[in-house]
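Each remark here refers to the structure printed beneath this line.
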Amino acid sequence: MAKADRILVVGGGIAGLSAAIALRRQGYAPELAERAPGWPAAGAGIALYANGVRVLGELGVGEQVCAAAARLRRWEFRDERDRPLCATDLDELWADAGPSVGIERVALQDALLTGAAGLPARLGTGVTALTEDGERVSVTFSDGSSGRYDLVVGADGIYSTVRAQLISQAPPRYAGLVAWRAVAGTRPDGVTGVTILVGEGSFAGLVPVGGSRTYGFAAVSGERFDDPAAGRLARLRDRFGGFGGPVPAFLAALEHDGQLHSGPIEWVELDRWHTGRVVLIGDAAHASTPHLGEGGSMALEDALVLAAELRAADTVEQALPAFAARRRPRVRWVQEQSRAAAGAWVLPPPVRDAALRERGDQMLRDRYRPLIAPP
């Protein structure tokens, strides 16, 4: 077991909280630091496929998550006018790996906070400087305090401060899509699983979450732009007014601009995830486009594997390369397949729709097959 009496986990989202839980379950005593004044649950909702739900079970919060979520048994593609293109049985695809679920981000965060209860945490406190001296990492915080740690885990998201301080200052790359996300308090007719409607240079998706509520997302391809909060809902209704099926009912159920999260879709790809006694996990290390819905699950798997490698190694310096070597092939696959799907979803409709009708189910199964085995 690698000696690490003092571990700092930077970031209080899915990656950070799951890392803190996993580390404690392996016998460590991590501290958390989150720059926001409250625990962040950005993004409205999330689809978690069986590989991610499996990790939540190993972290001891799987039952709470499933109780607050909706079971996802089916993934289907439809065209803009709601005509079926292809469908996949998710229970059959994932088999014994476990269930897939849709859940609101707040409910998932609550479950992870339950698992992390009792761990020391600094809210509203960011990291302003990190310095390595070979023995430990010196950390300066935004409140003026400081500390020395045996290991720092950068789980602080796509705009990671830890990454910029010690590993890479390259910004995330724009993926060519601007997206919107929201949760509506109703469930449109016909939404029983992951439902994706694909249009010309755009798509809209609906996912059941707990309590008969629905998580919706949409995106358009093209040059990057910002969509101001004022008037956002009206503009979204205009942009996707030509979509049929359950999309109009979902948009009608939204009540105000504040329900909508909007921003560019970006990704991060690094040559290295660690240096000395500092390591990146989750979006800080390998943010991807969301087309496989695997961002949360990759963060959960990272947390579990990092804790296991620290437990198995003699030193932190041995554990971090072992962690990266174990995770890189799986993460690389997800990033490659997500980017391939991102391009395919916005192909000219005649080409894309014909491909989905002919082999959409098989393509989806092929993309997820390497993730069925444990990480």
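Quick note on this note's numbering: the sequence shown kicks off at 1110 and runs consecutively. C-beta: ideal position from N, C-alpha, C; glycine also. Note that the structure is predicted; figures quoted are calculated from it, not measured.
Hey, would you say residue i sits closer than 7 angstroms to residue j, going by beta carbons?
| i | j | result |
| --- | --- | --- |
| R1290 | G1152 | yes |
| L1429 | Y1258 | no |
| L1379 | S1277 | yes |
| L1286 | S1330 | yes |
| A1131 | G1402 | no |
| G1353 | R1182 | no |
| L1409 | S1127 | yes |
| S1075 | V1443 | In the structure as shown, the chain begins at 1110 and stops at 1484. Residue 1075 is therefore absent and cannot be evaluated. |
| A1313 | A1327 | yes |
| G1372 | A1264 | no |
| L1165 | V1174 | yes |
| R1386 | V1246 | yes |
| L1199 | W1184 | yes |
| I1212 | G1405 | no |
| A1177 | A1206 | no |
| V1248 | V1262 | no |
| F1186 | I1305 | yes |
| P1281 | E1140 | no |
| A1138 | A1422 | no |
| R1474 | L1239 | no |
| F1349 | P1297 | no |
Determine the DSSP secondary structure at residue i, reduced to helix, strand or coil.
| i | result |
| --- | --- |
| V1210 | strand |
| G1320 | coil |
| I1481 | coil |
| H1395 | helix |
| V1356 | helix |
| I1116 | strand |
| R1182 | coil |
| T1223 | helix |
| G1475 | Reading off the sequence, residue 1475 comes out as Asp, not Gly. In the structure shown, D1475 sits in a helix (DSSP, three-state: H, G or I). |
Count the other CB atoms within 10 Å of the CB of residue i; is the residue buried (16 or more) or exposed (fewer)?
| i | result |
| --- | --- |
| Q1471 | exposed |
| A1417 | buried |
| P1355 | buried |
| Y1283 | exposed |
| D1462 | buried |
| A1159 | buried |
| D1114 | exposed |
| H1395 | buried |
| P1317 | buried |
| E1143 | buried |
| A1517 | Residue 1517 lies beyond the residue range present for the chain, which begins at 1110 and ends at 1484; the question has no answer from this structure. |
| P1399 | buried |
| R1441 | exposed |
| A1231 | The question names Ala, but residue 1231 is Arg in the sequence shown. Buried, because 16 or more other Cβ atoms sit within 10 Å of the Cβ of R1231. |
| M1407 | buried |
| H1383 | buried |
| S1266 | It should be noted that the sequence gives Gly, not Ser, for residue 1266. When all chains shown are included, G1266 counts as buried. |
| F1334 | exposed |
| P1488 | The requested residue 1488 does not occur in the structure, where the chain is confined to residues 1110 to 1484. |
| S1269 | buried |
Name the two residues that bound the continuous alpha helix (DSSP H) containing residue i.
| i | result |
| --- | --- |
| G1122 | Careful: G1122 lies outside any alpha helix (DSSP H) and carries neither H nor E. |
| W1376 | W1376 -> not in any alpha helix (DSSP H); beta strand (DSSP E) instead, spanning 1370-1376. |
| S1406 | 1404-1421 |
| D1200 | 1199-1203 |
| T1270 | 1270-1275 |
| A1232 | It should be pointed out that residue 1232 corresponds to Leu in this sequence rather than to Ala. Run containing L1232: none in the alpha helix (DSSP H); it sits in the beta strand (DSSP E), 1230-1232. |
| A1177 | 1171-1177 |
| D1347 | 1341-1348 |
Just curious, the beta strand (DSSP E) that residue i is in, first and last residue?
| i | result |
| --- | --- |
| A1434 | Looking at the DSSP string, A1434 is not in any beta strand (DSSP E); the run it does join, the alpha helix (DSSP H), is 1425-1454. |
| E1143 | 1139-1143 |
| R1290 | 1282-1293 |
| E1364 | No beta strand (DSSP E) contains E1364, which DSSP labels as neither H nor E. |
| L1239 | 1236-1241 |
Sort out for me which residues DSSP pairs residue i with in a bridge.
| i | result |
| --- | --- |
| F1312 | V1307, A1328 |
| Y1258 | V1246 |
| D1188 | V1307 |
| L1157 | V1210 |
| G1263 | V1119, L1389 |
| P1193 | R1187 |
| T1384 | V1387 |
Any heavy atom of the ligand GDP closer than 6 angstroms to the beta-carbon of residue i?
| i | result |
| --- | --- |
| V1414 | Because no ligand of any kind appears in the structure shown, any question about the ligand GDP cannot be addressed here. |
Between residue i and chain D, is the shortest Cβ-Cβ distance under 7 angstroms, so that the two count as touching?
| i | result |
| --- | --- |
| L1286 | Among the protein chains of the structure shown there is no chain D, as only one such chain exists. |
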